[in-house]
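Visitor: In our numbering, the protein residues as written are 14 to 488. Yeah, the Cβ is synthetic: ideal placement off N, Cα and C, and Gly gets one too.
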């Protein structure tokens with residue numbers, strides 16, 4: 014403590030304590046161990062060295078443990094020209110340690126938001142990244158994820174809250190992951206720009222060049238093509254020039270060209286290759302990747318849309334309950350069909366029922382507290398459990414009946430040409446078997462499972478009937 018001035022805080026080496034909160038101060042150039050983010054309430058990074066600041070931010074925000082990546086971070090002596098990546102990943106700026114009291118309400122609000130979250134183990138890397146960005150946005154009360162032009166990005170744009178998880182060569186994956194998140198209804202996207210990526214490494218650092226269509230050389234010079242009206246001669250402007258003066262003379266009729274539009278015009282451009290000496294009017298354009306050096310015709314580049322994203326109500330709910338899997342993660346279980354295929358088959362079944370007197374049903378099984386179970390076990394165990402559920406269901410229904418995952422909590426079934434009461438009994442038996450299986454394998458966990466069966470109505474759309482089926486499931 015400074016003897017000449019009374020402070021409300023104490024600083025011991027890199028640790029500052031104030032009103033019961035402990036801050037770790039990362040001074041420029043000082044060592045920073047990952048566990049510092051775990052044992053302190055917040056991190057303060059001294060501004061001044063951008064590389065050092067980014068290094069600390071990446072250590073914390075790119076971590077997979079929410080106790081690390083959700084940690085409040087503040088910049089000391091920051092300025093208005095901060096790096097855009099840094100600017101969006103910190104929670105505030107103080108200009109001296111005396112201002113630490115100003116960030117206490119921010120820290121309190123972040124920890125209140127963190128208390129709302131349920132953390133689960135995601136089935137896939139994509140789901141894990143989506144879960145991370147949802148958590149970070151939710152705890153910072155942010156509603157939007159906006160792309161920022163960024164020189165140090167592998168694709169030319171950075172989405173700070175998710176891009177921090179990727180190195181330069183892998184950053185293209187951000188676009189694929191956000192595309193998945195939009196399809197899942199977690200974000201609403203709005204078109205902003207279009208970029209082109211290398212078809213070899215998906216890098217965005219490309220050099221566009223005009224090249225000879227015959228030999229591929231970039232050593233090609235262009236000149237105007239001249240059309241002389243009186244004699245109809247057409248040739249490059251170099252044919253009309255002489256070494257004596259700047260006048261243009263036709264090499265065919267030797268007349269002087271005086272007025273463009275009257276004596277002659279310039280209908281096009283002609284190129285001459287400095288390597289193979291060929292002449293041509295249509296030049297090729299290639300893009301050379303500065304990362305992998307692949308040289309590609311521009312028509313073969315990978316086009317990608319850059320969008321700004323707004324988190325949806327479903328996204329906020331998924332942040333609180335934990336996001337376990339994408340639709341892609343649960344589409345490949347043997348014995349199931351994709352959700353879109355399931356919906357199409359229900360639509361066809363409704364049309365078929367209009368011509369018959371049969372009764373068919375759509376059913377759903379809801380594992381309400383599955384997220385708690387998934388948080389206890391690893392990704393491989395999650396997939397094994399889901400495979401077991403499919404096998405149990407498949408053994409108790411006919412081979413012609415369909416199974417599809419709406420998500421990892423909800424399983425949909427079609428039970429055709431049987432009375433609804435029989436279908437209800439089948440679902441009741443299946444849920445009992447599932448409950449006993451989980452109780453047997455996970456001693457300290459009791460699954461909250463329920464089901465619903467509805468007869469298909471030929472007067473309602475298949476989408477509406479599936480919504481009615483699952484409206485009480487909470488997903």
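Using CA atoms only, rank isn't needed, just tell me which of 222, 203, 365 is closest to residue 309.
Guide: Residue 309 has its Cα closest to that of 222, out of 222, 203, 365.
Visitor: Would you grab the beta carbon distance between residue 207 and residue 316 for me? Rounded to a whole angstrom, and I think it's under 8 Å.
Guide: 6 Å
Visitor: For residue 252, which residues of its own chain have a beta-carbon under 8 Å away from its beta-carbon, when the five flanking residues on both sides are left out?
Guide: 239, 264
Visitor: Mind checking which residues open and close the beta strand (DSSP E) that includes residue 454?
Guide: Element bounds for residue 454: not the beta strand (DSSP E) but the alpha helix (DSSP H), 433-454.
Visitor: Checking 9 Å against the spacing of the C-beta atoms, do residue 177 and residue 71 come in under that value?
Guide: yes
Visitor: Nearest-angstrom Cα distance between residue 261 and residue 269?
Guide: As the crow flies, the alpha-carbon of residue 261 is around 6 Å from that of residue 269.
Visitor: Kindly list the residues whose CB is nearer than 6 Å to the CB of residue 123, restricted to its own chain and excluding five residues on each side of it in sequence; keep chain order.
Guide: Taken in chain order, the residues that qualify are 85, 152.
Visitor: Going by other Cβ atoms of all chains shown within 10 Å of its Cβ, with 16 needed for buried, is residue 306 buried or exposed?
Guide: The residue in question, residue 306, is exposed, as its Cβ has fewer than 16 Cβ neighbours within 10 Å.
Visitor: Which of helix, strand or coil does DSSP assign to residue 68?
Guide: helix
Visitor: Under 9 Å, Cβ to Cβ, is there at least one residue of chain C near residue 159?
Guide: Looking for chain C here will not work: only one protein chain is present.
Visitor: Just list the residues that DSSP pairs residue 200 with in beta bridges.
Guide: 324
Visitor: Looking only at DSSP bridge pairs, what is residue 281 linked to?
Guide: 238
Visitor: Check each candidate in 192, 163, 215 and name the one with the smallest Cα separation from residue 204.
Guide: Minimum Cα distance to residue 204 is reached at 192.
Visitor: Would residue 415 and residue 486 qualify as a contact pair, given that the criterion is a beta-carbon distance under 9 Å?
Guide: By the CB criterion at 9 Å, residue 415 and residue 486 fall outside the cutoff.
Visitor: Would residue 454 be called buried (16 or more neighbouring beta carbons within 10 Å of its own) or exposed?
Guide: By the 10 Å Cβ count, residue 454 comes out exposed.
Visitor: State the Cα-Cα distance for the pair residue 397 and residue 200, rounded to the nearest angstrom.
Guide: If you take the alpha carbons of residue 397 and residue 200, they lie about 29 Å apart.
Visitor: Check residue 377 in the structure and name its three-state DSSP category.
Guide: Under the three-state reduction of DSSP, residue 377 is assigned to strand.
Visitor: Counting C-beta neighbours from all protein chains within 10 Å, is the total for residue 15 16 or more, i.e. buried, or is it exposed?
Guide: With a pLDDT of only 43 at residue 15, under 50, the local geometry of the prediction cannot be trusted, and the value read off the model is given with reservation. The Cβ neighbour count for residue 15, taken over all protein chains shown within 10 Å, is under 16; the residue is labelled exposed.
Visitor: Between which two residues does the alpha helix (DSSP H) harbouring residue 410 extend?
Guide: If you look at residue 410, you'll find it isn't in any alpha helix (DSSP H); DSSP assigns it neither H nor E.
Visitor: Report the CB separation of residue 228 from residue 288 in whole angstroms; it is logged as a contact under 8 Å.
Guide: Confirmed, Cβ separation roughly 5 Å.
Visitor: Going by the CB atoms, is the gap between residue 108 and residue 90 shorter than 9 Å?
Guide: yes
Visitor: I need the boundaries of the beta strand (DSSP E) containing residue 144, first residue and last residue.
Guide: Here residue 144 belongs to no beta strand (DSSP E); instead the alpha helix (DSSP H) covers 138-152.
Visitor: Is residue 410 closer than 9 Å to residue 439 when the C-beta atoms are compared?
Guide: yes
Visitor: Secondary structure at residue 126, three-state DSSP: helix, strand or coil?
Guide: The three-state secondary structure of residue 126, taken from DSSP, is helix.
Visitor: Give me the DSSP bridge partner(s) of residue 206.
Guide: DSSP, once it has assigned bridges, lists 319 as partnering residue 206.
Visitor: In the structure shown, what three-state DSSP assignment does residue 184 receive?
Guide: coil
Visitor: I think residue 469 touches residue 373, with their Cβ atoms under 8 Å apart; what is that distance to the nearest whole Å?
Guide: 5 Å
Visitor: Could you check the C-alpha separation between residue 103 and residue 73 for me, to the nearest Å?
Guide: Each residue's Cα considered, the two are about 11 Å apart.
Visitor: Can you tell me which of the three DSSP states residue 248 falls into?
Guide: The three-state secondary structure of residue 248, taken from DSSP, is strand.
Visitor: Could you have a look at residue 171 and say whether DSSP puts it in helix, strand or coil?
Guide: strand
Visitor: When every heavy atom of the ligand GTP is checked, does at least one fall within less than 8 Å of the C-beta of residue 220?
Guide: Ligands are entirely absent from the displayed structure, and the ligand GTP is therefore not among its contents.
Visitor: How many angstroms separate the CA atom of residue 24 from the CA atom of residue 159?
Guide: 37 Å
Visitor: With H, G and I counted as helix, E and B as strand and the rest as coil, what does DSSP make of residue 93?
Guide: Bear in mind that the predicted position of residue 93 carries a pLDDT of just 48, short of 50, making it unreliable; the figure below should be weighed with that in mind. In the structure shown, residue 93 sits in coil (DSSP, three-state: anything other than H, G, I, E or B).
Visitor: Is it right to say residue 166 is buried, meaning 16 or more other beta carbons lie within 10 angstroms of its own, or is it exposed?
Guide: Counting Cβ neighbours within 10 Å, residue 166 comes out buried, since at least 16 surround it.
Visitor: Between the segment 243-250 and the segment 209-225, do three or more beta carbon pairs fall short of 8 Å?
Guide: no
Visitor: Using 8 Å for Cβ pairs, my map puts residue 75 next to residue 58. What's the rounded Cβ distance?
Guide: Not really, about 15 Å apart at Cβ, beyond 8 Å.
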